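Engineer:
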Amino acid sequence: MKIWLKIASLVLLGLTGSAYAAPGTPLDWAALPDPAAQSYDDPFRDLTPEQFDDLLFALRLRGRLQQDVGSAEEHQKWQELLTETEEALAADQIDIDWLLSQREVVIARRERAETSGNPNLDGQTVTLMGFALPAPPDDDGQSVVYLVPQPGMCSHLPPPAPNQMIRVKLRDGWTPAYVHEPVRLTGQLVIDPSDYEMNVVDGLMPMRATFRMDAEIVETLENRSGETAWKPTIEDQLRAAGSRKTGGEQTPE
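With positions in the sequence shown counted from 1, the corresponding number in my numbering is that position plus 199.
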């Protein structure tokens with residue numbers, strides 16, 4: 200009975216976490232974004248694929264009609280198509296002009312959701328597993344890498360959102376043996392937005408990172424056969440599931 204009570208306690212701790220991570224607490228990437236910035240109104244997100252296509256088609260037709268191109272017959276055809284498309288959207292209670300007026304608002308909300316870091320993690324010492332990309336040294340000569348959650352990001356894949364990238368300063372001079380080497384890092388995590396460009400596999404790439412980490416411990420996670428040695432434990436999986444469920448927000452014990 201005591202053994203089962205201990206297992207149950209571990210499961211509950213893995214699911215709930217704490218409002219502030221304990222020093223060296225293993226952290227899931229889903230906890231990095233600011234939870235307060237993740238929920239916002241986005242009328243474009245509510246459109247069906249067909250409605251979104253109709254909206255784009257209407258915008259293209261409006262653009263054609265505003266330009267001095269095409270014959271009178273083509274203009275008449277475009278106007279008929281535009282009227283038909285606008286009426287179809289109106290039947291679904293979609294106001295094209297109002298949607299267009301919301302573009303800048305939604306862009307700003309999306310930018311905040313992708314760049315805001317979780318303030319509860321600012322200044323805390325954590326442990327995070329990811330994939331390291333070698334970067335040019337800092338101005339003070341200190342070694343630098345970028346840590347991303349998935350292999351291929353910033354080279355064969357687009358870069359992640361800024362609050363899913365960490366600019367890491369390495370005190371011991373360690374550098375990755377190759378691009379996207381799997382590692383587990385422990386160090387102080389701070390919100391310190393940075394914006395650099397550097398050459399990766401496919402050329403010059405913008406490297407926007409919301410966080411900086413001053414790494415104290417670097418653990419490489421490949422064995423001699425070249426296979427990734429890191430495998431998520433039950434606690435890791437429960438913690439990740441809890442982070443996804445709460446949108447990255449840590450709940451009190």
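Built from N, CA and C at the ideal position, the CB exists for glycine as well.
All values reported here derive from a predicted model rather than from experimental measurement.
(1) In whole angstroms, give me the CA-to-CA distance for His274 and Arg259.
(2) Using 7 Å as the threshold, is the C-beta distance between Cys353 and Val399 below it?
(3) If you draw a straight line from the alpha carbon of Tyr395 to that of Leu356, how long is it in whole angstroms?
(4) Ile365 lies in the beta strand (DSSP E); which residues open and close that run?
(5) Can you name the start and end residues of the alpha helix (DSSP H) that Leu255 belongs to?
(6) Compare the C-alpha of Asp378 against each of Leu281, Met397, Ser315, Glu303 and name the closest.
(7) Using DSSP with H/G/I as helix, E/B as strand and the rest coil, what is Val378?
(8) Use the C-beta contact count for Leu299: other C-beta atoms within 10 angstroms, 16 or more gives buried, fewer gives exposed.
(9) Can you tell me where the beta strand (DSSP E) holding Ser342 begins and where it ends?
(10) Can you give me the C-alpha to C-alpha distance between Leu264 and Ala287, rounded to a whole angstrom?
(11) Pick from Asp233, Asp267, Ala230, Asp291: whose alpha carbon is nearest that of Asp253?
(12) Would Gly340 be called buried (16 or more neighbouring beta carbons within 10 Å of its own) or exposed?
(13) Mind checking Arg302: buried by the 16 CB within 10 Å criterion, or exposed?
(14) Evaluate Gly402 with the Cβ neighbour count: other Cβ atoms within 10 Å of its Cβ, from every protein chain shown; 16 or more gives buried, anything less gives exposed.
(15) Whole angstroms are fine: how far does the CA of Leu332 sit from the CA of Asp413?
(16) Which residues bound the beta strand (DSSP E) around Arg411?
(17) Contact between the stretch 305-315 and the stretch 232-243: three or more CB pairs below 8 Å?
(18) Could you have a look at Pro431 and say whether DSSP puts it in helix, strand or coil?
(19) Based on Cα-Cα distance, which residue from Ala271, Phe256, Asp296 lies nearest to Thr284?
(20) Measuring straight from C-alpha to C-alpha, what distance separates Pro359 and Gln278?
(21) Would you decide whether Asp227 is buried or exposed? Buried here means 16 or more other CB atoms lie within 10 Å of its CB.
(22) How big is the Cα-Cα spacing for Pro381 and Ala289?
(23) In terms of residues, what are the limits of the alpha helix (DSSP H) holding Leu231?
(24) Tell me the rounded alpha-carbon separation between Ala140 and Arg366.
Structural biologist: Here's the rundown:
(1) By 1-based counting over the sequence shown, the position of residue 274 is 75. By 1-based counting over the sequence shown, the position of residue 259 is 60. Spanning the two alpha carbons is a distance of roughly 13 Å.
(2) Walking along the sequence shown from the start, residue 353 turns up at place 154. Walking along the sequence shown from the start, residue 399 turns up at place 200. Yes; because the gap between Cβ atoms is below 7 Å, this pair is in contact.
(3) Here residue 395 refers to the residue found at position 196 of the sequence shown. Here residue 356 refers to the residue found at position 157 of the sequence shown. The alpha-carbon atoms of Tyr395 and Leu356 are separated by roughly 18 Å.
(4) Looking up residue 365 in the sequence shown gives position 166. That run of the beta strand (DSSP E) goes 365-369.
(5) Translated into positions along the sequence shown, residue 255 becomes position 56. First-last of the alpha helix (DSSP H) with Leu255: 248-265.
(6) Indexing the sequence shown from 1 puts residue 378 at position 179. This sequence places Val at residue 378; Asp is not what is there. Minimum Cα distance to Val378 is reached at Met397.
(7) Working through the sequence shown from its first residue, we reach residue 378 at position 179. Coil at Val378, not helix or strand.
(8) Walking along the sequence shown from the start, residue 299 turns up at place 100. Label assigned to Leu299: exposed.
(9) Within the sequence shown, residue 342 is the residue found at index 143, counting from 1. Ser342 -> beta strand (DSSP E) spans 342-347.
(10) Numbered from its first residue, the sequence shown carries residue 264 at position 65. Numbered from its first residue, the sequence shown carries residue 287 at position 88. When rounded, the distance between both Cα atoms is 19 Å.
(11) Position 54 of the sequence shown, counting from 1, holds the residue named residue 253. Of the listed residues, the one whose Cα sits closest to Asp253 is Asp291.
(12) In the sequence shown, counting from the first residue as 1, residue 340 sits at position 141. With fewer than 16 other Cβ atoms within 10 Å, it is exposed.
(13) As a working note, residue 302 is residue 103 in the sequence shown. Label assigned to Arg302: exposed.
(14) Against the sequence shown, residue 402 aligns to sequence position 203. Its Cβ having fewer than 16 others within 10 Å, Gly402 is exposed.
(15) Position 214 of the sequence shown, counted from the start, is the residue given in the question as residue 413. Position 133 of the sequence shown, counted from the start, is the residue given in the question as residue 332. Using only the alpha carbons, I get a separation of about 15 Å.
(16) Locating residue 411 in the sequence shown gives position 212, counting from the first residue. That run of the beta strand (DSSP E) goes 402-419.
(17) yes
(18) The residue labelled residue 431 in the question sits at position 232 within the sequence shown. Note on Pro431: pLDDT 45, under 50, position unreliable in the model; the coordinate value appears next. Here Pro431 sits in coil by DSSP.
(19) By 1-based counting over the sequence shown, the position of residue 284 is 85. Checking every option, the nearest Cα to that of Thr284 belongs to Phe256.
(20) Along the sequence shown, read from residue 1 onward, the residue named residue 359 stands at position 160. Along the sequence shown, read from residue 1 onward, the residue named residue 278 stands at position 79. Distance between the alpha carbons of Pro359 and Gln278: 41 Å.
(21) Reading the sequence shown from its first residue, position 28 is the one you call residue 227. Label assigned to Asp227: buried.
(22) The residue given as residue 381 occupies position 182 in the sequence shown. The residue given as residue 289 occupies position 90 in the sequence shown. Distance between the alpha carbons of Pro381 and Ala289: 51 Å.
(23) As a position in the sequence shown, residue 231 is number 32, starting the count at 1. Element bounds for Leu231: n/a, residue is neither H nor E.
(24) Only positions 200 to 452 of the chain appear in this structure, which leaves residue 140 out of reach.
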